[in-house]
Amino acid sequence: ARRYYYVTPTSYLELLLSFKSLLAKRQNEVMTVKRRYEIGLEKLQDTEESVVGMKEELIALQPQLEESTRQTEAAMEVISKESVEADKVKQVVSKEEATASAEAATVKAIKDECEADLAEAMPLLEGAIAALNTLKPADITEVKGMKSPPKGVKRVMEAICIMKGVKPSRVKDTNTGRMVEDYWEASKKMLMEFDFLESLRKYDKDHIPAEVVMRIRPYVQDPEFQPDIIEKQSLACAGLCKWVVAIEKYDKVIKEVEPKRQKLREAEAQLEERRKFGPIGWNIPYEFNENDLRISVRQLRMFLDEYPDIPYDTLAYTAGECNYGGKVTDSHDRHTLMTVLSTYYTPRIHEAGYKLSVSGTYFPQPYTSYKGYVEYINSLPLIAQPEVFGLHENADITKDLQETNLLLDSLMLTQSREASGGAASFESVVGEVAAEVLERLPPNFDIEAVERVYPQDYYNSINTVLAQ
Numbered sequence: 022a023r024r025y026y027y028v029t030p031t032s033y034l035e036l037l038l039s040f041k042s043l044l045a046k047r048q049n050e051v052m053t054v055k056r057r058y059e060i061g062l063e064k065l066q067d068t069e070e071s072v073v074g075m076k077e078e079l080i081a082l083q084p085q086l087e088e089s090t091r092q093t094e095a096a097m098e099v100i101s102k103e104s105v106e107a108d109k110v111k112q113v114v115s116k117e118e119a120t121a122s123a124e125a126a127t128v129k130a131i132k133d134e135c136e137a138d139l140a141e142a143m144p145l146l147e148g149a150i151a152a153l154n155t156l157k158p159a160d161i162t163e164v165k166g167m168k169s170p171p172k173g174v175k176r177v178m179e180a181i182c183i184m185k186g187v188k189p190s191r192v193k194d195t196n197t198g199r200m201v202e203d204y205w206e207a208s209k210k211m212l213m214e215f216d217f218l219e220s221l222r223k224y225d226k227d228h229i230p231a232e233v234v235m236r237i238r239p240y241v242q243d244p245e246f247q248p249d250i251i252e253k254q255s256l257a258c259a260g261l262c263k264w265v266v267a268i269e270k271y272d273k274v275i276k277e278v279e280p281k282r283q284k285l286r287e288a289e290a291q292l293e294e295r296r297k298f299g300p301i302g303w304n305i306p307y308e309f310n311e312n313d314l315r316i317s318v319r320q321l322r323m324f325l326d327e328y329p330d331i332p333y334d335t336l337a338y339t340a341g342e343c344n345y346g347g348k349v350t351d352s353h354d355r356h357t358l359m360t361v362l363s364t365y366y367t368p369r370i371h372e373a374g375y376k377l378s379v380s381g382t383y384f385p386q387p388y389t390s391y392k393g394y395v396e397y398i399n400s401l402p403l404i405a406q407p408e409v410f411g412l413h414e415n416a417d418i419t420k421d422l423q424e425t426n427l428l429l430d431s432l433m434l435t436q437s438r439e440a441s442g443g444a445a446s447f448e449s450v451v452g453e454v455a456a457e458v459l460e461r462l463p464p465n466f467d468i469e470a471v472e473r474v475y476p477q478d479y480y481n482s483i484n485t486v487l488a489q
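Count along the sequence shown starting at 1, add 21, and that's the number in this note's numbering.
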């Protein structure tokens with residue numbers, strides 16, 4: 022027998038509700054997929070339209086791109102040529118630096134050799150001066166009072182007379198009866214001079230005549246002409262003997278060293294000239310054209326777009342070392358340029374109140390419109406003050422004097438050419454101009470009134486300075 026199943030109304034209603042819920046869920050899924058599909062179609066359509074527009078824009082920009090490419094290639098070619106020239110100059114500069122280094126080494130070697138030669142004579146000379154300083158007036162009086170001086174004493178005094186250019190007297194030799202030269206009387210007169218020892222200390226040892234040296238050399242070469250031997254005869258003459266020997270030795274050394282000294286002076290002068298004027302000849306004149314400006318702007322834009330923070334040091338190096346007016350090869354010029362640029366390429370330029378000059382006349386203009394920047398530029402002084410160039414404010418005085426002299430000279434020159442036409446003389450023209458200038462000047466300071474209010478004395482030195 023067949024079994025029948027009966028569905029209760031409650032179960033049937035639950036079935037309908039489940040079917041309704043499942044149907045709604047499926048409908049939502051289908052609508053979601055449909056919306057996604059429609060959005061995708063819209064995006065594809067927009068993309069197709071954008072691609073068409075970009076193609077048209079690319080076609081329109083193609084000539085500009087080709088022109089920019091040609092300009093870039095031309096700029097790179099110029100830069101390559103300049104780089105080659107710079108490399109050539111760098112090689113020349115390197116050779117000059119090597120030559121200068123070699124010359125410096127030569128100068129040092131010559132100087133060391135001169136000092137070594139002088140080191141032999143200077144101790145003797147210093148010892149001789151020290152020996153002179155030990156002599157007293159009584160010692161000189163002792164020598165002066167000798168009636169029959171020993172041979173050694175006479176020889177020392179003869180050498181001193183020869184070196185000082187004292188002429189001997191002519192006396193008759195008791196043995197031969199002939200007239201001979203005698204220095205003793207002249208020596209005694211010389212010893213009576215109050216500045217005798219001082220004249221020996223200040224003796225011009227660097228310019229002894231060759232004739233004098235030849236005449237005293239036999240004395241110095243005499244085995245008996247030794248301070249130790251002379252000391253047994255006279256203590257004062259021993260010091261004088263030591264001085265004569267030292268001076269002769271010093272002259273011999275100085276004559277040998279003088280050619281080396283001359284060579285040293287020439288080498289030092291040549292080295293100084295090379296160091297001072299050499300770099301001036303190797304600066305490359307370079308025109309900063311539109312291609313250079315375009316490349317610089319691109320480099321700045323690259324740094325600003327690709328770096329999270331503004332690389333001030335890199336920008337300063339790029340502007341100063343690479344593109345700012347061309348290639349600067351002189352190290353001093355580069356250092357000066359980088360120092361000037363450090364005032365502008367710095368994070369402090371965004372700070373409120375930051376000044377580009379001491380007075381504050383020049384300062385970074387806050388962000389504004391194009392018109393605002395133009396107004397700021399127009400507000401700047403027409404004539405740049407000395408502070409712009411890092412100079413003292415008094416630097417204008419020299420400039421104004423030069424301009425005044427140029428103006429007066431121009432007036433005189435112009436008037437002299439027109440004098441034949443019955444015009445006023447150039448003196449009167451210059452006088453009229455000068456009078457007009459004087460009328461516009463403020464009155465002079467009343468110095469007497471100022472001195473009454475601010476007296477000039479020892480305790481108010483600043484008043485003296487201001488009055489002057």
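Where is the CB? At the ideal position from N, CA and C, for every residue including glycine.
Since the structure is predicted, the reported quantities are computational estimates derived from the model, not experimental observations.
Integer Cβ distance of F217 from I131, believed to fall under 8 Å: Actually they are not in contact, since the Cβ atoms of F217 and I131 sit about 38 Å apart, beyond 8 Å.
Going by C-alpha distance, which of L221, E78, A337 and H356 is nearest L146? L221
Is it buried or exposed for D194, if we count other Cβ within 10 angstroms and need 16 for buried? exposed
Secondary structure at R176, three-state DSSP: helix, strand or coil? helix
Is the separation between the beta-carbon of V361 and that of D138 shorter than 8 Å? no
Given P368, which residues of its chain have a CB within under 8 Å of its CB, disregarding the five upstream and five downstream residues? I331 and Y333
Residues bridged to D203 by DSSP? S190
Using the C-alpha atoms, what's the distance from S101 back to E289? Rounded to whole angstroms, E289 to S101 spans 39 Å at the Cα level.
Reference W264; option with closest CA among P280, E245 and V241: V241
Give a yes or no on whether the C-beta atoms belonging to C258 and V177 are separated by under 8 Å. yes
Test item: CB-CB of P407 and E414 under 8 Å: In contact: P407 and E414 (Cβ atoms closer than 8 Å).
Going by Cα to Cα distance, which pick from G411, P387 and P171 is closest to E252? P171
Which residues in the same chain have their Cβ closer than 8 Å to the Cβ of T546, if we skip the five residues on either side of it in sequence? In this structure the chain extends from 22 to 489, so residue 546 is not present and cannot be described.
How big is the Cα-Cα spacing for L36 and V73? 55 Å
Which value, in whole angstroms, describes the spacing of the CA atoms of N344 and S317? Model confidence at N344 stands at a pLDDT of 47, short of 50, so the residue's coordinates are unreliable and nothing is read from them.
CA-CA distance, K276 and K226? Cα-Cα distance, rounded: 11 Å.
Pull up the distance between the alpha-carbon of K185 and that of E287, whole angstroms please. 33 Å
Where the alpha helix (DSSP H) through P158 begins and ends: P158 to K165
State the DSSP-derived secondary structure class of P230, mapped to helix, strand or coil. In the displayed model, P230 falls within coil according to three-state DSSP, outside both helix and strand.
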